[in-house]
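Asker: Here it is, the structure, as structure tokens.
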Amino acid sequence: MDQPELTGLPPQGKEYTRGTPNMWTTATGDDQLGLVYLPLGNSAGDYWSGSRTENQNRYSTSLVAIDVNTGKPAWHFQAVRKDVWDYDLGSQASLIDYPTAAGKVPAILLPTKQGDMYILDRRTGQLLTPAEERKVPTGGVEPEQRSPTQLFSLYYTLRRDNALTERDMWGITPIDQLVCRIQFRKADYQGFYTPPSTEHHSIEYPVTTAVRTGAA
3 MDQPELTGLP PQGKEYTRGT PNMWTTATGD DQLGLVYLPL GNSAGDYWSG
53 SRTENQNRYS TSLVAIDVNT GKPAWHFQAV RKDVWDYDLG SQASLIDYPT
103 AAGKVPAILL PTKQGDMYIL DRRTGQLLTP AEERKVPTGG VEPEQRSPTQ
153 LFSLYYTLRR DNALTERDMW GITPIDQLVC RIQFRKADYQ GFYTPPSTEH
203 HSIEYPVTTA VRTGAA
């Protein structure tokens with residue numbers, strides 16, 4: 003990724019760039035368009051981004067369409083900005099024909115770990131379904147690295163609209179629930195995309211093993 007000119011094995015004494023976004027799941031291909039669609043993960047390490055390069059930040063947690071004739075990206079769609087929540091794309095994207103007023107469009111359906119679902123024109127990467135950038139919490143361990151906004155699907159999501167509250171804490175007995183509520187109060191939780199913190203335990207919701215996931 004940081005050595006785009008390297009298309010084979012590294013020369014003697016050289017190595018691949020470490021820590022770049024990889025692909026956990028399965029690629030999808032379109033023979034007619036000559037494109038392969040790669041759902042990429044986040045860069046290493048999962049909860050620290052200060053050492054990531056510009057290219058790693060650009061392609062992290064993105065669906066990347068690769069031109070099979072050149073091996074270079076034709077377009078990419080990023081689901082999470084500067085991901086430090088391990089929200090890598092864990093599911094294979096699906097090729098579909100999406101109905102529009104102008105007729106069917108060759109599209110690709112992309113689910114995410116957060117429960118959001120996006121439909122893109124697979125020729126260009128343009129969104130065919132509504133989404134919006136929303137303000138999210140900043141701060142945490144490296145506040146200068148955090149994105150002030152994140153993308154949210156308005157088309158379909160399994161993510162609840164509201165942030166967690168004490169009343170959401172669960173326990174088999176009232177004592178168990180009380181303990182959970184106490185832990186919730188002690189934790190750092192500012193809603194979706196709460197940045198990692200070293201001062202308190204932080205709550206990540208949705209969790210990385212949530213609704214649309216694979217090996218992660």
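If you read the sequence shown in this note's numbering, its first letter stands for residue 3, the second for the next number, and so on.
Built from N, CA and C at the ideal position, the CB exists for glycine as well.
Answer yes or no: do P132 and S155 have a C-beta to C-beta separation smaller than 9 Å?
Answerer: Yes, they are a contact pair.
Asker: According to the Cβ coordinates, are L2 and G43 closer than 9 Å?
Answerer: Since the first and last residues shown for the chain are 3 and 218, residue 2 lies out of range.
Asker: Considering only residues of the same chain and omitting the five flanking positions on each side of H88, which have a CB-CB separation below 7 Å?
Answerer: Here residue 88 turns out to be Asp, not His, going by the sequence shown. Once the five neighbours on either side are set aside, the close Cβ partners of D88 are N44, D48, T210, A218.
Asker: By the three-class DSSP mapping on this structure, what secondary structure does D48 have?
Answerer: Coil.
Asker: Do the region 163-173 and the region 123-142 meet, that is, are 3 or more Cβ pairs less than 8 Å apart?
Answerer: Because the criterion of three Cβ pairs below 8 Å is not met, the region 163-173 and the region 123-142 do not touch.
Asker: Taking only runs of the beta strand (DSSP E) that begin and end inside the region 112-173, which ones reach a length of at least 3 residues, in chain order?
Answerer: List check, beta strand (DSSP E) in window: 118-123, 133-137, 151-155.
Asker: Just confirm the distance between the C-beta atoms of A224 and P75, as a whole number of angstroms; I'd bet it's less than 8 Å.
Answerer: Look at the range of the chain in this structure, 3 to 218, and you will see that residue 224 is not part of it.
Asker: Since P101 sits in a beta bridge, which residues does DSSP pair it with?
Answerer: In the DSSP output, where bridge partners are listed per residue, P101 has K106.
Asker: For L180, collect the residues of the same chain with a Cβ closer than 8 Å to its Cβ; drop the 5 residues on either side in sequence, then sort them by chain order.
Answerer: Within the same chain, L180 has close Cβ partners G173.
Asker: How big is the Cα-Cα spacing for P41 and P176?
Answerer: If you take the alpha carbons of P41 and P176, they lie about 43 Å apart.
Asker: Looking at the strands, I want to know which residues DSSP matches up with V66.
Answerer: DSSP, once it has assigned bridges, lists L40, H78 as partnering V66.
Asker: With burial defined as no fewer than 16 other Cβ atoms inside 10 Å of the residue's Cβ, what is the status of R54: buried or exposed?
Answerer: Buried: at least 16 other Cβ atoms inside 10 Å.
Asker: Compare the beta carbon distance of Q152 and V138 with 9 Å and say whether it is the shorter of the two.
Answerer: Closer than 9 Å, so yes.
Asker: Report, in whole angstroms, the separation of the C-beta atoms of S64 and H78, which I expect to be a contact under 8 Å.
Answerer: Confirmed, Cβ separation roughly 5 Å.
Asker: Quick check on N59: buried or exposed, where buried means 16 or more other Cβ atoms within 10 Å of its Cβ?
Answerer: Burial call: buried.
Asker: Using C-beta distances below 6 Å, list every residue in its chain close to D85, excluding the 5 sequence neighbours before and after it, in chain order.
Answerer: Around D85: N44, S62, T63.
Asker: Assign D32 to one of three DSSP states: helix, strand, or coil.
Answerer: If DSSP states are grouped into helix, strand and coil, D32 belongs with the strands.
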